[in-house]
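Note sheet for the following structure.
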Amino acid sequence: MVEAGPGEVTERFHPTNGRAAGALALVAAVGTLVLGIVDDFPAPIVAGAFLVGVLAWAALLKPRVRVADDRLVLHNMVEDVSIPLAAIDQLAVRQVLAVRVGDRRYVSPAIGHSLRTTLASTRPPTRDPRRGDVLATPKTPPYADVVENRITQLVDEERKRRGLRRGSPEVAALAADVRRTPAWLEIALLTAGVVALVVTLVV
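Under the UniProt record's numbering, read the sequence shown as residues 1 to 203, first letter to last.
Spelled out as structure tokens, the structure:
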């Protein structure tokens, strides 16, 4: 792994969830907002379009996952979570990415399997009725599995670099260094959207 300077991103993972739906919702919301202003739509419709646009951005387009400064960073809807790699006890990708640190669990909707893939993974292996052996699985693993394996590898590499072992007091102490930063811009825009919608409906 390439050594990173302060604040330098060493790994970026492409989001797998919500991008298409988020883009469509954002385009529709912006279109409605522009038409509403130009054609003088009722105020609740304009306020609603603004709120939908902000929700589409914050919930579906903003979430992403990266690694920087030996930390896993989860950019979520209304907060960013920065986790020391060596502090991660468990990591799994189902419909979302779930990270367990000590007795706490952090989730990112940016990486996940589709519902169809999740259901397919719970089915028993398919067997050739003529031979009774398990049929070959797809050669290329889903990208979400690639991300899970890569982050797990980075966790193992970071613990080895620090000379730490799973379950040690040093690893447990790192759990206290999880940083949660509110996404103030998204919070402010969501609050403004909700207030504007309520006011236009009441007035």
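Cβ coordinates follow ideal geometry from the N, Cα and C atoms, glycine included. Keep in mind the model is a prediction, meaning the values are calculated, not measured.
- Membership of ASP145 in the alpha helix (DSSP H) is indicated by the continuous run 143-162.
- Its Cα nearest to that of GLU157, the residue ASP70 stands out among ASP70, PRO141, VAL195.
- Membership of VAL178 in any beta strand (DSSP E) is not indicated, and neither H nor E is assigned to it by DSSP.
- DSSP, reduced to helix, strand and coil, places ALA58 within a helical segment of the structure shown.
- LEU61 places its beta carbon less than 8 angstroms from that of ARG19.
- With a 10 Å radius around the Cβ and a threshold of 16 neighbouring Cβ atoms, GLU170 comes out exposed.
- With fewer than 16 neighbouring CB atoms inside 10 Å of its own CB, TRP184 falls in the exposed class.
- Comparing C-alpha distances from ASP145 to each of VAL67, ARG161, ASP40, SER114 shows the shortest one belongs to SER114.
- DSSP places LEU91 inside the beta strand (DSSP E), whose first and last residues are 90-93.
- When C-beta atoms of the segment 12-32 are compared with those of the segment 160-168, fewer than three pairs fall below 8 angstroms, so the two segments do not count as touching.
- The residue from ALA188, ARG64, ARG159, LEU174 with its alpha-carbon nearest to that of VAL107 is ARG64.
- Looking at ALA56, ASN17, VAL202, the one whose alpha-carbon comes closest to that of VAL93 is ASN17.
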